[in-house]
Amino acid sequence: MQTECSAGAYEFPASCGRRVVARFDGGRMSSDGGVILVKQADDILGLSRRFAACFRDKRHPGFVEYRVEDLVRQRIMGLALGYEDLNDHDALRHDLIFGLASGRLSGGRANCAALAGKSTLNRLERSGQQADRYCRIIADHEALATLFVTLFLDQHEHAPARIVLDVDATDD
1 MQTECSAGAY
11 EFPASCGRRV
21 VARFDGGRMS
31 SDGGVILVKQ
41 ADDILGLSRR
51 FAACFRDKRH
61 PGFVEYRVED
71 LVRQRIMGLA
81 LGYEDLNDHD
91 ALRHDLIFGL
101 ASGRLSGGRA
111 NCAALAGKST
121 LNRLERSGQQ
131 ADRYCRIIAD
141 HEALATLFVT
151 LFLDQHEHAP
161 ARIVLDVDAT
171 DD
């Protein structure tokens, strides 16, 4: 039996002022097309925006290439697609579909990639309660804890009477 391929196109909401169409007939490709669906969920929930609001950015504005919200969104997208290691982002920063989902198709400066690399994302993840020489983005841990509770409660009409946490302590 001969394989029959559907050459249809699927249209997604526009991003970065460009039409977004999924096609299956070649050209520049990415195996991470699912990131467009993750972006749509992020847009609806406002997760990246709300999460980024839990950080204070003490970097010099003239030297900032990637806003905290850009960094958070990039990291969330990567984790959602199974890229848990920061070193994956050195390749992903050049992936057009990741750039499209993150709202950045090119860097703001001539020598900058559209998305952040592992070192920049590492500084975000290392953020503590005080700025230091190398880490100038400060996490508000209380705001982060409150955000997770708020996100949970936003998904329910009424606060549940009881919450059961089923924690698997094994590390596969």
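Per full-length UniProt numbering, the very first residue in the sequence shown carries number 1; after that it's consecutive.
Glycine included, C-beta positions come from ideal geometry on N, C-alpha and C.
In this text, all values refer to a predicted model and were calculated from it rather than measured experimentally.
Option nearest residue i by Cα separation, candidates the options
i	options	result
T120	F148, L81, V64	V64
N122	R49, A101, E84	E84
L105	G8, S15, Y10	S15
E142	L153, L45, G128, D32	G128
Q74	G46, H60, G103	G103
A52	Q40, A41, Y66	Y66
D88	F55, A114, L165, K118	K118
D42	C135, E157, V72, S31	V72
H60	E157, Q155, Q40, R133	R133
S31	L45, L92, Q40	L92
G46	D171, L165, I163, Q155	Q155
Neighbourhood of residue i by C-beta distance below 8 Å, restricted to the same chain and skipping five residues each side
i	result
V21	A9, Y10, E11, F12
D90	G117, K118
G33	A22, I97
C-beta contact flag for residue i and residue j at 7 Å
i	j	result
K58	A131	yes
A159	L151	no
R56	I138	yes
L147	C54	yes
Cβ shell of residue i (< 7 Å), same chain only, five flanking positions each side left out
i	result
L100	S15, C16, V20
E69	S48, R49, A52
R109	E65
H94	A113
L86	K118, L121, N122
R126	C135
V149	none
6 Å CB neighbourhood of residue i in its chain, flanking five on each side removed
i	result
A80	V38
M77	V35, V38, A101
According to DSSP, residues forming a beta bridge with residue i
i	result
A22	Y10
I138	R56
S15	R18
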